[in-house]
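Chemist:
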Amino acid sequence: MKPSPELRSLARWTTRPRVLGSCVGVMLALLHIHLSHTLPTEGRLPLSILGLCALGLFLGLGGLRDSRALRTLIALGEGRLPTRPEHLRRALQEVAAMPGVGFWFALQGWLGGTVLVAVSFPLLAHVSWTEGLRVVLMGLSLGPLSSMLVYLMLVRRARVTLERLVAEGLSPLEVLAALPPRRMHIRRRLVVFTAIAVLSPSLFILDVAFTRTVAVVDAWAQATTPQAREEILVRARKGEGPPLGLLAGLVTLLVLGTAALAGTALSEPLRAITEDATRIARGEVRPPRVIHAEDEVWATSAAFTQMQVQLVQALTQLRKAGIQISSTTEQLVATSTEQEVGADEQAGALNATSATTEELARSAQQIADSAESVSAIAETTFGAAQSGQRGATAFLGAMQRMKHDNEAIADAVVRLNKRVQQIGKVVEFINEIADKSDLLALNAELEGTKSGEVGRGFSLVAAEMRRLAENVIRSTKEIEGLIGEIRDATNAAVMATEAGLKTTELGTLLAAQVDDSLGLILELARQTSHAVRSISLATQQQQTGTDQLAAAMGDILRVTEQNAAATKQMVAANADLSTLAHDLQHVVERFHVETGEG
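For reference, each letter of the sequence shown is one residue, going 1 to 598 in the UniProt record's numbering.
1) Can at least three beta-carbon pairs, one atom from the segment 16 to 27 and one from the segment 135 to 151, be found at a separation below 8 Å?
2) With 16 as the cutoff for other CB atoms within 10 Å, does E597 come out buried or exposed?
3) Please determine, among L92, R156, Q108, the residue with the shortest C-alpha to C-alpha distance to R16.
4) When DSSP labels each residue in this structure, what does E168 get in the three-state scheme?
5) Could you check what DSSP says for V234 in three-state terms: helix, strand or coil?
6) Tell me the rounded alpha-carbon separation between S459 and L446.
7) Since M138 contacts H32 with CB under 8 Å, what's their CB separation in whole angstroms?
8) So what does DSSP say about P201, is it helix, strand or coil?
9) To the nearest angstrom, how far is the alpha carbon of L10 from that of G63?
10) Where does P17 sit, in a helix, a strand or coil, going by DSSP?
11) Counting Cβ pairs closer than 8 Å, one from the segment 300 to 313 and one from the segment 96 to 105, do we hit at least three?
12) Contact check, residue 621 vs P85 under 8 Å by CB: the rounded distance?
13) Rounded to whole angstroms, what's the CA-CA distance from S475 to M465? Just pull it up for me.
14) Taking 9 Å as the cut-off, decide whether the C-beta atoms of A265 and L152 are in contact.
15) Which of the three DSSP states, helix, strand or coil, is assigned to I291?
16) Just to check my reading of the structure: L88 and L165 have Cβ atoms closer than 8 Å, yes? What is that Cβ distance to the nearest angstrom?
17) Please state whether DSSP places R68 in a helix, a strand or coil.
18) Find the nearest neighbour of G100 within the set G484, F121, R44, I186, judged by alpha-carbon distance.
19) Could you tell me the alpha carbon to alpha carbon distance between A410 and R390, rounded to whole angstroms?
20) I need the DSSP call for T224, collapsed to helix, strand or coil.
21) Does the Cβ-Cβ distance between F121 and L50 come in under 9 Å?
22) According to DSSP, is S459 part of a helix, a strand, or is it coil?
23) Of the choices V95, S200, L140, whose alpha-carbon is the least far from that of E163?
24) If we count the other Cβ atoms within 10 Å of its Cβ and call it buried at 16 or more, is R134 buried or exposed?
25) Taking only the alpha-carbon atoms, compute the straight-line gap between E330 and R282 and give it to the nearest angstrom.
26) On a Cα-Cα basis, can you pick out the residue from L256, V297, G132 that is closest to R271?
27) Hey, residue 599 and I430 are a contact pair by Cβ (cut 8 Å); roughly how many whole angstroms apart?
28) According to DSSP, is V127 part of a helix, a strand, or is it coil?
29) Can you tell me whether G62 is helix, strand or coil according to DSSP?
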């Protein structure tokens, strides 16, 4: 992903004042060490080395702290994150918090470095612990002032960085949503700044003056002759010359520079807000821009930006409304003129309508008479439909009974066929017995003949039994023929019964359809009768209403004449409204709304 050219190295550029402000404080401390002549000579070099080491440690830790505090901005500059609105808003929040983070980190670095140097200095330089306390006092006098300088320089850089981030595609409302004005600390910041500006140089100069005074008093007390004391006073006067004045001047310049930065930090956004407000007062409305600031000034800038956004929207809507009102009033004037002409035409049309209404009343009377005749016919049709439905219902009942009877006949014929089949089986059984009896009688007759005279009687009986068996066989054959005829007749009866049953079912279905059709005809006849009765009633009411309409037409004619007079008044009112619309356009056109992105 290719990084944006505007965001490349922006994080390092934003945090660079922290290095410069810290170096200024440390350099001032080193000058104090070498020019004040209040520290032992053998301890100046170790103290300078310790101060530079503490500065290097602070700068290294500060770089790591900046990488964590501005990780989104660094990722955007390196191309590891796309320039999407959510990433830009997160970078805005990080940059806006950077001055406060830098101030507290610088202050903590000064305090921690001062304590570390104060503890290490007596051990390395072999001086008394009171010199360490003087180092602490020097850190307390220069640390807050240097931290305030870092804060003010970071504020100006952060504002420029915020403007570049906004230029990447954020709207003013998105910026205000990402950086809402929540806490108001400008009074507290001013109090802290004043205290630092007054106390820091005072403590610094007081330390130098007090230390030198104590050293002169100790030397003067140890001198035993007036000449020695005079020399001590001369050396003291020479030592308090240019070095002390130079240090005081540098501290004063640092205080004045910090005050100038503070005044610029307060005045720049106020000046920008004043310029935009003056331009709006002259009628020049540009696309809203976000004027970055802190605390109460940021709340004022945010409110001013929201006012600009709403003003641009309101002016745009007013301009559109003015054009629309002007166009609408012109249309109203044209429409009113047409209505004035149409009112005259309407009066003539109402006269013709009145004559037509009278003709309509006569036609309504004729319709009422015809409706009464149609009502009588409909009642007759309804009665006939009722009679037809009753006959169809009776026919349907007869067909259903016939269907039940045919089903009963079919069942009886089926049972008869089964009985005939059973009789045929019995006859076959009798025929088998007769055959066997005939065979046995034949055998008995042969045995009787063989027996001679003794078996003649048995032979005669056997012969008679044989004739009887033959007669039985002939009878069974005749019965079998009759059974076959009965079977054929029952089969024909079954087929005829089934055909009659199907015909009966078809007749029942047709009778049901006829009954349904007659029911539908009956319902339609009932509805027709009711409709004709309603039509008759409606025609009577229409006749009454037509008479009332004829009376109302005269009232409408009078109202139309009044409307014509009112239309003339509306034409005059619309002309006045058109004039007001043009005046509104002239007022809105005083503001020149410039279009732009965002």
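Every residue gets a Cβ at the ideal spot worked out from N, C-alpha and C, and that includes glycine.
Modeler: Taking the coordinates as given:
1) Three or more beta-carbon pairs drawn from the segment 16 to 27 and the segment 135 to 151 are found closer than 8 Å, and the two stretches are therefore classed as touching.
2) Confidence at E597 is low in this model, with a pLDDT of 45, below 50, so the placement of that residue is unreliable and no value is reported for it.
3) Nearest option by C-alpha distance: R156.
4) Reduced to three states, the DSSP call for E168 is coil.
5) helix
6) 7 Å
7) 7 Å
8) helix
9) Near 14 Å, if we compare the C-alpha coordinates of G63 and L10.
10) helix
11) no
12) Residue numbering for the chain in the displayed model covers 1 to 598; residue 621 lies beyond these limits and cannot be assessed.
13) 15 Å
14) yes
15) coil
16) 6 Å
17) Helix at R68.
18) Taking only the C-alpha atoms, the option nearest G100 is I186.
19) 30 Å
20) Coil, per DSSP.
21) Closer than 9 Å, so yes.
22) Three-state DSSP puts S459 in a helix.
23) V95
24) buried
25) Using only the alpha carbons, I get a separation of about 31 Å.
26) V297
27) With the chain represented from 1 up to 598, any question about residue 599 goes unanswered, as that position is not in the structure.
28) coil
29) In the three-state reduction of the DSSP assignment, G62 falls in the helix class, which pools H, G and I.
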